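Report on the structure given below.
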Amino acid sequence: MNLSRGNQIAIFNLLIVGIIGSLMRFYFVHSIPGFNFQFVLHGHSHLAFLGWVFMALYVLLSYAYLPPDKLKSGKYPLLFMILQGANLGMLATFPWTGYALWSIIFSTIHALCTIYFAWNFIRAVQSNLPQTHQLSFQFVKWALILMTVSNLAPFALGPISAIHGKNDLYHLTIYFYLHFQYNGWFTFALLGLILWLLERRGVTTETKEVKWGFKLKLATIFPAYILSTLWTEPGFEWNFLAGIVAWGQIIGLGYLLLFVLRHLGALISSDSFLKKILLWCGILALSLQHVLMFLSAFPSLGKMAFARPIVIAYLHLVLIGFVSIWLFFLFLKMKYTQESISSKTGIFLFLGAFWGTELMLVFPLMASQSNLVLFILALIQVLGILCVLFNTQKIKSHEKAIAQ
10 MNLSRGNQIA IFNLLIVGII GSLMRFYFVH SIPGFNFQFV LHGHSHLAFL
60 GWVFMALYVL LSYAYLPPDK LKSGKYPLLF MILQGANLGM LATFPWTGYA
110 LWSIIFSTIH ALCTIYFAWN FIRAVQSNLP QTHQLSFQFV KWALILMTVS
160 NLAPFALGPI SAIHGKNDLY HLTIYFYLHF QYNGWFTFAL LGLILWLLER
210 RGVTTETKEV KWGFKLKLAT IFPAYILSTL WTEPGFEWNF LAGIVAWGQI
260 IGLGYLLLFV LRHLGALISS DSFLKKILLW CGILALSLQH VLMFLSAFPS
310 LGKMAFARPI VIAYLHLVLI GFVSIWLFFL FLKMKYTQES ISSKTGIFLF
360 LGAFWGTELM LVFPLMASQS NLVLFILALI QVLGILCVLF NTQKIKSHEK
410 AIAQ
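First residue of the sequence shown? That's 10 in this note's numbering, and the numbers climb one at a time after it.
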């Protein structure tokens with residue numbers, strides 16, 4: 010048992026996420042007997058966060074920071090398989106039962122295993138970390154800490170739901186989870202991996218820009234949760250504070266992106282057009298997300314920001330436009346996925362369908378046929394993912410995996 014097929018498992022999970030998403034789009038075109046949209050949505054979102062993004066980051070971080078012997082046997086490959094078992098358990102239960110006994114059991118197993126992974130991974134890496142990777146690992150370490158913080162929310166949902174029902178506190182708890190997942194765990198981990206790639210190429214990351222960027226992002230990540238609570242209309246002073254915090258997030262990201270852009274040659278100068286497009290698309294989506302966070306602090310715009318189509322577009326901007334696109338970039342960069350005509354075609358189909366979906370959600374073009382168009386775009390994304398999966402091979406060697 011080893012992690013050599015972890016990349017294939019992660020993208021297979023993404024394929025299932027895409028298929029479920031297509032079914033959800035088809036539901037608005039034609040009724041599906043026995044289809045509980047809310048239950049299926051739970052399965053879709055859990056597999057997207059935990060089956061795709063978490064598992065992909067698990068593989069990338071493990072190959073980046075752990076020694077080869079820990080990847081071939083022992084706790085990390087075993088833990089990966091337990092986590093995948095929990096993912097399949099959630100996939101088999103959430104669409105049929107929603108939050109019920111077995112789905113809660115599987116999600117609890119996954120949450121406990123992720124906390125165990127975070128604790129052990131940080132200890133294992135810190136005990137034998139080269140000086141050249143100290144700063145990138147600061148991002149990774151805090152990514153794992155923020156992931157652990159986010160896991161407090163699922164444990165709180167049960168008691169809150171039982172005592173208060175699905176009131177404002179219930180929804181605030183869900184937003185707590187989402188915030189610390191995508192603004193914390195996902196963003197910090199991916200920024201850390203980009204810095205790790207630069208460190209591998211001899212670029213010194215111990216600079217004022219990177220340190221200030223890290224400090225600002227970390228200092229504002231906890232109060233930035235306020236931005237996810239503004240739909241409760243807490244008052245102007247909270248909107249004002251949220252705007253200041255969002256501005257801090259923008260400045261922190263600006264420092265980090267300026268550093269990356271200055272060393273772009275070391276990162277992608279010899280890379281293909283596809284990898285360059287993926288890196289730039291991720292930068293664009295991440296930058297746009299931070300601007301939207303700031304704009305949501307304005308009361309008049311904040312009300313629009315929590316409309317359902319806008320929320321979906323925003324989540325997809327982060328999870329697809331930034332996170333998934335940079336995961337594809339890293340998989341190609343580390344040669345977990347082979348760059349071929351079919352994989353290039355698949356990724357461009359995926360990108361085109363994503364941006365088309367964003368436009369349809371934000372600007373209701375072709376309103377009378379929008380549900381059908383969204384369904385077709387979802388199918389195109391599935392086709393794109395399938396092309397990527399066919400070109401994703403078993404990781405043959407630890408050194409080869411991290412050499413690029």
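The C-beta atom is built at its ideal place from N, Cα and C for all residues, glycine as well.
Being a predicted model, the structure only gives us computed values, none of them experimental.
Cα separation between residue i and residue j?
i    : j    : result
L138 : L273 : 25 angstroms
S136 : K79  : 14 angstroms
G167 : G94  : 22 angstroms
F185 : T141 : 34 angstroms
F249 : A306 : 7 angstroms
L295 : L336 : 13 angstroms
I20  : M343 : 15 angstroms
L283 : L276 : 14 angstroms
E242 : F331 : 29 angstroms
S279 : C396 : 24 angstroms
A33  : V49  : Note on residue identity: the sequence assigns Met, not Ala, to residue 33. In a straight line, the C-alpha of M33 is about 8 angstroms away from that of V49.
L69  : S112 : 27 angstroms
I259 : R14  : 37 angstroms
T5   : R271 : The structure shown does not extend to residue 5, since the chain spans only 10 to 413, so no value can be given for it.
K285 : L87  : 35 angstroms
W289 : Q47  : 34 angstroms
F126 : F103 : 24 angstroms
K217 : G193 : 22 angstroms
L358 : S351 : 10 angstroms
L370 : S40  : 21 angstroms
W61  : Q347 : 19 angstroms
V26  : L236 : 28 angstroms
L293 : V134 : 31 angstroms
Which term fits residue i, buried or exposed, when burial requires 16 or more other beta carbons within 10 angstroms of its beta carbon?
i    : result
M313 : exposed
A73  : buried
R210 : exposed
F90  : Note that residue 90 corresponds to Met in the displayed sequence, not to Phe. Answer is exposed; the Cβ neighbour count stays below 16.
A387 : buried
T366 : buried
Q143 : exposed
N176 : exposed
A410 : Because the pLDDT at A410 is just 49, under 50, the model does not fix this residue reliably, and the point stays unresolved.
S309 : exposed
L153 : buried
G43  : exposed
K150 : buried
G244 : exposed
W128 : exposed
V219 : buried
A322 : buried
F372 : exposed
V300 : exposed
So, residue i versus residue j, is the Cβ gap smaller than 8 angstroms?
i    : j    : result
G261 : L225 : yes
F148 : L187 : no
K403 : Q17  : yes
V3   : N380 : Examination of residue 3 is not possible in this model, given that the chain is present from 10 through 413 alone.
L92  : I394 : no
L155 : I169 : no
Y108 : H180 : no
A171 : T182 : no
Beta-carbon of residue i versus every beta-carbon of chain C: anything under 8 angstroms?
i   : result
F44 : Of the chains in the structure shown, none is chain C; there is only one protein chain.
Leaving aside the five residues before and after residue i along the sequence, list all residues of the same chain whose C-beta is less than 6 angstroms from its C-beta, in chain order.
i    : result
V327 : Y191 and Q298
I329 : F363
L199 : W335
Tell me which same chain residues have a C-beta within less than 8 angstroms of the C-beta of residue i, skipping the five on either side of it?
i    : result
I28  : V391
F338 : K284, L287, L288 and G291
E246 : none
Y234 : Y184, F185, H188 and F189
For residue i, which residues from the same chain have a beta carbon less than 7 angstroms from its beta carbon, with the 5 sequence-adjacent residues on both sides left out?
i    : result
S116 : H55, M99 and P163
S145 : G201, L204, W205, E208 and T214
F303 : G252, A255, W256 and I259
Y85  : L12, S71, L75 and K79
F223 : Q147 and F148
S349 : N400
F281 : Correcting the residue type first, residue 281 is Ser in the shown sequence and not Phe. Around S281: E348.
>> When you compare the stretch 153-165 with the stretch 117-127, are there three or more beta-carbon pairs, one atom per stretch, that lie closer than 8 angstroms?
In response: With a cut-off of 8 angstroms, the stretch 117-127 and the stretch 153-165 count as touching, because enough Cβ pairs lie within range.
> Does the pairing of the stretch 97-110 with the stretch 46-58 give three or more beta-carbon distances under 8 angstroms?
Replying inline: Touching, yes.
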